[in-house]
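S.K.: Numbering (this note's numbering), first residue to last: 11 to 269. Got a structure here, written out as structure tokens. Questions coming.
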Amino acid sequence: MKFGIVELSIIPVRKEPSDRSEMSNQLLFGDLIIVEKEQGSWWFIRSISDNYEGWVDFKQILIIDKSEFDRLQQSKVELVTELIEVVTEIEGARPFPVLLGSTLRGNENGKFRIGAKSYYIEGDLATPTAKGFPESLFENALMFLNAPYLWGGKSVFGMDCSGFTQVLFRLCGADLLRDANQQATMGELISLFAEAKPGDLLFFDNSEGKIVHVGVLMEDQKIIHASGRVRIDRVDHQGIYNEDLKKYSHQLRLIRRIL
């Protein structure tokens, strides 16, 4: 078994061991992984934060030993709180961008290390916390407004509905599972739309009854979600009403309270 960490801004996770395969997820800088099997230049990995599995190009993962993996996993965690910050590898002064929701472990006064490599960051960081929820969640959510939809995506450059909610709740100290149908098993079930509160997750199904979409309830019967782009729409007990289409675009199935 091998242990690793993402030391690039963002990397794709694919369904099959090929660059042409569907991207099912993305990993951000600082995400810890376990390598479960290898096939040529591809590794089948499991993400520690949500147990999501998939294939990554081995060149995009930094392998670390078990003791370093344990140290990083137990270190103080801080998250990037701006859309883009810059991290610099001290040796060689190599700067590169990191994105909102990326993880820095063991940071002290802007400096941290991964294995033998040392880095520094000058941007704003925050310890993940539910303090100020749901207002803090909405502040972060609005930073993503109009970000394009991208299947498997988790950044301002493209994200899907459950990637959006996962990043938002990570910033609030709650690790959600990756896909909408998985997130629909978490937290407290809210029976009636009238009992829902801002910050609750709303889940929507297709004609076959499968959960296919998720968004976050806001004040005044509004929802923020990723559909074509990150957008705000009206929502009620029936579902999401799309003003552009002049019709309901998603059918409400259930409501879950995470925090």
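Cβ coordinates follow ideal geometry from the N, Cα and C atoms, glycine included. Bear in mind that the values here come from a model prediction, so they are computed numbers and not experimental data.
With LYS76 as the anchor, note down where its alpha helix (DSSP H) starts and where it stops.
M.R.: Element bounds for LYS76: 76–84.
S.K.: Starting from MET33, follow the beta strand (DSSP E) in both directions and report where the run begins and ends.
M.R.: Residues 33–38.
S.K.: Using three-state DSSP, classify GLY173 as helix, strand or coil.
M.R.: Of the three classes helix, strand and coil, the one that applies to GLY173 here is helix, per DSSP.
S.K.: What three-state label does DSSP hand SER146 in the structure shown?
M.R.: Residue state, collapsed to three classes: helix.
S.K.: Can you look up PHE122 in the DSSP assignment and give me helix, strand or coil?
M.R.: Strand, per DSSP.
S.K.: Would you tell me roughly how many angstroms separate the C-alpha atoms of GLU253 and ILE73, rounded to the nearest one?
M.R.: C-alpha separation (whole angstroms): 48 Å.
S.K.: So VAL97 and ILE131 are in contact, right, with Cβ under 8 Å, and what is the actual spacing, rounded?
M.R.: That pair is a contact at about 5 Å.
S.K.: Where does ALA136 fall in DSSP's three states?
M.R.: Looking at ALA136 - three-state DSSP - the assignment turns out to be strand.
S.K.: Is it true that the CB of THR113 sits closer than 8 Å to the CB of LEU38?
M.R.: Yes, Cβ-Cβ distance for LEU38 and THR113 is below 8 Å.
S.K.: Buried or exposed: TRP52, going by 16 or more other Cβ atoms within 10 Å of its Cβ?
M.R.: Counting Cβ neighbours within 10 Å, TRP52 comes out buried, since at least 16 surround it.
S.K.: Could you give the distance in angstroms between the alpha-carbon of TYR166 and the alpha-carbon of PRO22?
M.R.: Sequence inspection shows Val at residue 166; the Tyr mentioned does not correspond to that position. The alpha-carbon atoms of VAL166 and PRO22 are separated by roughly 15 Å.
S.K.: Report the partner residues of SER252 according to the DSSP bridge assignment.
M.R.: Note that residue 252 corresponds to Asn in the displayed sequence, not to Ser. DSSP output for ASN252 lists LYS257 as bridge partner(s).
S.K.: Looking only at DSSP bridge pairs, what is GLN49 linked to?
M.R.: GLN49 pairs with TRP52.
S.K.: Can you find the residues in the same chain that come closer than 7 Å, C-beta to C-beta, to ALA190, ignoring five residues on each side of it along the sequence?
M.R.: These residues qualify, in order along the chain: CYS171, SER172, PHE213, ILE221, VAL222, HIS223, VAL224.
S.K.: Hey, how far is the Cα of VAL16 from the Cα of MET153?
M.R.: If you take the alpha carbons of VAL16 and MET153, they lie about 24 Å apart.
S.K.: Below 8 Å on the Cβ atoms is my contact criterion, and I expect LEU227 with ASP246 to pass it. Report the Cβ-Cβ distance as a whole number of Å.
M.R.: Not a contact, Cβ separation roughly 11 Å.
S.K.: Would you kindly check if the distance between the Cβ of GLU99 and the Cβ of LYS127 is under 8 Å?
M.R.: In contact: LYS127 and GLU99 (Cβ atoms closer than 8 Å).
S.K.: DSSP three-state label for GLU88, please.
M.R.: Strand, per DSSP.
S.K.: With DSSP as the reference, identify every bridge partner of SER201, one or two as the case may be.
M.R.: Paired residue(s): none; SER201 is not in a bridge.
S.K.: For GLY214, which three-state DSSP category applies?
M.R.: This sequence places Phe at residue 214; Gly is not what is there. Three-state result, PHE214: strand.
S.K.: Taking the CB atoms as reference points, tell me whether GLY168 and LEU155 lie closer together than 8 Å.
M.R.: No. Outside cutoff.
S.K.: Output the boundary residues of the alpha helix (DSSP H) element that contains ALA190.
M.R.: Looking at the DSSP string, the run of the alpha helix (DSSP H) that includes ALA190 is 190–193.
S.K.: Along the chain, where does the beta strand (DSSP E) that runs through GLU99 open and close?
M.R.: Per DSSP, GLU99 belongs to the beta strand (DSSP E) from 94–99.
S.K.: Would DSSP call ARG115 helix, strand or coil?
M.R.: Correct three-state label for ARG115: strand.
S.K.: What residue from CYS182, GLU32, ARG56, GLN176 has the CA that sits closest to HIS235's CA?
M.R.: The residue with the shortest Cα to Cα distance from HIS235 is GLN176.
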